[in-house]
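Remarks on the structure that follows.
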Amino acid sequence: MNRVVITGAGTINALGASVPKTLEAMREGRCGISQLEIRDVERLAIQIGGQVKGYEPEEAFNRQQLALYDRFTQFTLIAAREAIAQSGLEFSGDLAARSGVVLGNSGGGMTTLDDNYRSVYEDGKNRVHPFVVPKLMNNAAASHVSMEFNLKGPSFTVSTACASSNHAMAQAFQMVRSGMSPAMISGGSESMLCFGGVKAWEGLRVMSKDACRPFSANRNGMVQGEGAGVFVFEELEHAKSRGADILAEIAGFAMSSDASDIVMPSKQGAARAIKGAIQDAGISREEVGYINAHGTGTAANDKTESAAVADVFGAHADKLMISSTKSMHGHLIGGTGAVELLACIMAVRDGIIAPTIGYEEPDPECALDVVPNEAREAQVEVALSNAFAFGGLNAVLALKRFA
Amino acid sequence: MDIKDRVIHIIAEQAVLEPSDVGLESTLEDLGIDSLGLVESIFAIEEAFDISVPFNANEPNESDFDISSVATIIAGIEKLVKEQS
Numbered sequence: 001m002n003r004v005v006i007t008g009a010g011t012i013n014a015l016g017a018s019v020p021k022t023l024e025a026m027r028e029g030r031c032g033i034s035q036l037e038i039r040d041v042e043r044l045a046i047q048i049g050g051q052v053k054g055y056e057p058e059e060a061f062n063r064q065q066l067a068l069y070d071r072f073t074q075f076t077l078i079a080a081r082e083a084i085a086q087s088g089l090e091f092s093g094d095l096a097a098r099s100g101v102v103l104g105n106s107g108g109g110m111t112t113l114d115d116n117y118r119s120v121y122e123d124g125k126n127r128v129h130p131f132v133v134p135k136l137m138n139n140a141a142a143s144h145v146s147m148e149f150n151l152k153g154p155s156f157t158v159s160t161a162c163a164s165s166n167h168a169m170a171q172a173f174q175m176v177r178s179g180m181s182p183a184m185i186s187g188g189s190e191s192m193l194c195f196g197g198v199k200a201w202e203g204l205r206v207m208s209k210d211a212c213r214p215f216s217a218n219r220n221g222m223v224q225g226e227g228a229g230v231f232v233f234e235e236l237e238h239a240k241s242r243g244a245d246i247l248a249e250i251a252g253f254a255m256s257s258d259a260s261d262i263v264m265p266s267k268q269g270a271a272r273a274i275k276g277a278i279q280d281a282g283i284s285r286e287e288v289g290y291i292n293a294h295g296t297g298t299a300a301n302d303k304t305e306s307a308a309v310a311d312v313f314g315a316h317a318d319k320l321m322i323s324s325t326k327s328m329h330g331h332l333i334g335g336t337g338a339v340e341l342l343a344c345i346m347a348v349r350d351g352i353i354a355p356t357i358g359y360e361e362p363d364p365e366c367a368l369d370v371v372p373n374e375a376r377e378a379q380v381e382v383a384l385s386n387a388f389a390f391g392g393l394n395a396v397l398a399l400k401r402f403a
Numbered sequence: 001m002d003i004k005d006r007v008i009h010i011i012a013e014q015a016v017l018e019p020s021d022v023g024l025e026s027t028l029e030d031l032g033i034d035s036l037g038l039v040e041s042i043f044a045i046e047e048a049f050d051i052s053v054p055f056n057a058n059e060p061n062e063s064d065f066d067i068s069s070v071a072t073i074i075a076g077i078e079k080l081v082k083e084q085s
């Protein structure tokens with residue numbers, strides 16, 4: 001089996017329009033959640049989100065591209081450009097033929113859907129723009145990344161709600177590990193901060209009106225975010241032979257299905273995925289120093305996740321750190337695992353642990369070191385990234401310090 | 001039908017029971033209604049009475065709306081209908 005390393009990272013999210021800006025915000029424990037600026041926001045009960053603000057699409061794309069790219073595709077391309085530029089890879093010949101792009105996404109082009117439903121239902125129009133379908137399809141982002149960077153190998157989109165990015169990255173990891181591809185572009189994106197997108201979430205009554213406070217006793221729900229995270233996964237020898245800068249090693253992963261409830265999480269399902277990732281990485285559980293939690297800030301997730309971590313790690317659960325960066329960038333749904341992997345890279349590469357901000361009151365059911373409110377310095381050998389989706393589909397990645 | 005009977009009908013439908021089998025002192029758990037069934041019932045009540053029920057699944061005990069039994073739900077709805085009409 002080949003070893004797999006990360007040689008490029010890119011992002012745009014509520015904390016910043018690049019990896020350095022995002023990591024700086026995480027180090028400072030800055031909150032990217034604010035009042036939503038979207039059409040008909042006054043008709044929403046939930047009016048906050050981790051929205052990407054100050055974004056000028058014209059700076060990144062020309063008019064023809066903007067006519068064809070939904071916001072989730074735009075975010076993906078911005079992140080992919082940063083990641084691939086950092087890696088220094090150029091895809092041609094055999095490398096292009098065998099390298100592909102696997103991305104996570106849940107809602108597809110939600111703003112495109114929202115705008116065009118308005119047009120036909122509310123405004124009574126009988127004609128829509130010819131690009132509605134190519135804009136809204138879930139695989140649009142992966143396809144446009146493949147076109148812009150000449151990626152001709154295995155390429156597709158994975159959709160498993162809140163675990164989409166982790167499932168996608170697990171696929172890409174396997175392809176490089178098995179020798180099928182020398183390099184893969186992977187990660188995910190989401191953009192559902194539009195009237196219909198937020199309204200749908202409101203219906204479930206799990207959203208907070210004021211803040212995302214994971215693990216805090218007074219937490220009152222999740223807050224949506226938007227954006228993208230994209231990475232270059234590369235076979236270790238391939239990366240070394242060209243002198244690439246290696247950010248971290250992907251050591252293992254595991255997936256599991258709760259097979260129990262469409263929305264309620266399961267401790268057993270989460271624990272099986274965490275345990276599986278540790279086994280797949282060939283490490284002992286004591287080597288895990290940090291976990292980027294799924295940590296949605298809902299009553300159900302945070303206590304279930306804490307119990308799963310306690311079960312898997314035993315006494316070591318009290319020694320490791322676990323934080324939820326959703327408190328800062330919000331829940332990017334299908335893109336969330338990708339942005340959260342950045343916090344894992346920061347932990348193993350820079351020795352800085354991103355905090356759980358908004359933490360106000362200890363909850364005895366979440367009695368772990370959640371790195372409350374302030375980032376911390378600590379050397380970490382292995383970091384895990386948890387994602388537990390609606391539908392009971394779980395995916396956990398293990399990242400290792402590359403020395 | 002008064003508010004009480006309409007709420008009992010909605011809860012009975014959610015629990016797949018006859019309205020006569022829904023006792024005032026029953027809890028939703030007694031009736032086999034889970035968390036999704038609860039938010040679905042609240043939605044049906046909001047639609048039936050054209051009201052807004054302040055309920056967040058993360059803090060069911062925080063709002064004034066008491067869901068501990070069928071009787072407290074009915075009392076809560078009666079109050080909301082009065083306030084919001």
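Heads up: the protein sequence lines correspond to chains A and B, in order.
Read in order, the letters of the first sequence are residues 1 to 403 in the UniProt record's numbering.
Read in order, the letters of the second sequence are residues 1 to 85 in the UniProt record's numbering.
Each residue gets a CB set at the ideal place from its N, CA and C atoms; glycine is no exception.
Could you list which residues in chain B have their beta carbon closer than 9 Å to that of residue i, in chain order?
i: asparagine 394/A; result: Residues of chain B passing the Cβ test: none, with the nearest at roughly 19 Å.
i: threonine 298/A; result: Ala57 and Asn58
i: valine 206/A; result: Val39, Asn56, Ala57 and Asn58
Just the C-alpha distance for residue i and residue j, rounded to the nearest angstrom, thanks.
i: isoleucine 246/A; j: isoleucine 73/B; result: 58 Å
i: serine 18/A; j: isoleucine 10/B; result: 50 Å
i: glutamine 74/A; j: phenylalanine 49/B; result: 43 Å
i: phenylalanine 402/A; j: isoleucine 352/A; result: 15 Å
i: leucine 44/A; j: alanine 315/A; result: 45 Å
i: glycine 104/A; j: aspartate 363/A; result: 32 Å
i: serine 68/B; j: alanine 140/A; result: 47 Å
i: alanine 387/A; j: alanine 378/A; result: 23 Å
i: arginine 213/A; j: phenylalanine 91/A; result: 42 Å
i: glutamine 84/B; j: phenylalanine 43/B; result: 16 Å
i: alanine 398/A; j: alanine 251/A; result: 5 Å
i: methionine 192/A; j: glycine 23/B; result: 42 Å
i: asparagine 394/A; j: isoleucine 278/A; result: 14 Å
i: alanine 343/A; j: glycine 88/A; result: 22 Å
i: asparagine 166/A; j: phenylalanine 231/A; result: 12 Å
i: residue 87/B; j: asparagine 2/A; result: Residue 87/B cannot be examined here, being either before or after the span of chain B that is shown, 1 to 85.
i: phenylalanine 195/A; j: leucine 113/A; result: 11 Å
i: isoleucine 46/A; j: glycine 93/A; result: 50 Å
i: phenylalanine 65/B; j: isoleucine 322/A; result: 34 Å
i: isoleucine 185/A; j: glycine 179/A; result: 15 Å
Could you name the residues of chain B that residue i contacts, counting a contact when the two beta carbons are closer than 8 Å?
i: valine 263/A; result: Ser35 and Leu36
i: arginine 213/A; result: Near arginine 213/A there are no residues of chain B at all, since even the closest Cβ is about 10 Å away, more than 8 Å.
DSSP puts residue i in a beta bridge; with which residues?
i: leucine 397/A; result: Phe253/A and Ser385/A
i: glutamate 377/A; result: Ile352/A
i: alanine 183/A; result: Glu234/A
i: serine 266/A; result: Serine 266/A pairs with nothing; no bridge assigned.
i: glutamate 190/A; result: Gly227/A
i: isoleucine 11/B; result: According to DSSP, isoleucine 11/B bridges with nothing at all.
i: glycine 107/A; result: For glycine 107/A, which the question treats as bridged, DSSP gives no partner whatsoever.
i: glutamate 291/A; result: Correcting the residue identity first, residue 291/A is isoleucine in this sequence and not glutamate. Ile322/A and Leu384/A.
i: isoleucine 6/A; result: Phe233/A and Ala248/A
i: valine 101/A; result: Ile185/A
Is it buried or exposed for residue i, if we count other Cβ within 10 angstroms and need 16 for buried?
i: alanine 9/A; result: buried
i: serine 266/A; result: buried
i: residue 88/B; result: As displayed, chain B neither begins before 1 nor continues past 85, which places residue 88/B out of reach and without an answer.
i: residue 124/B; result: The structure shown does not extend to residue 124/B, since chain B is modelled only from 1 to 85, so the question has no answer here.
i: lysine 125/A; result: exposed
i: asparagine 61/B; result: exposed
i: methionine 175/A; result: buried
i: valine 133/A; result: exposed
i: asparagine 292/A; result: buried
i: histidine 329/A; result: buried
i: arginine 177/A; result: buried
i: asparagine 62/A; result: exposed
i: isoleucine 274/A; result: buried
i: leucine 66/A; result: exposed
i: glutamate 42/A; result: exposed
i: tyrosine 121/A; result: exposed
i: tyrosine 117/A; result: exposed
i: glutamate 47/B; result: exposed
Which bits of chain B does residue i rub up against, with CB to CB less than 7 Å?
i: arginine 219/A; result: Asn58
Segments of 3+ residues assigned as beta strand (DSSP E) that fall wholly inside the region 114-161 of chain A: 156-158
Complete alpha helix (DSSP H) runs within the region 8-90 of chain A (minimum length 4 residues, chain order): 19-28, 63-68 and 71-87
Ranges of the beta strand (DSSP E) found wholly within the region 310-371 of chain A, counting only runs of at least 3: 321-323
Runs of alpha helix (DSSP H) wholly within the region 195-262 of chain A (minimum 4 residues, chain order): 195-203 and 236-241
4-residue-minimum alpha helix (DSSP H) runs that sit fully inside the region 44-76 of chain B, ordered along the chain: none
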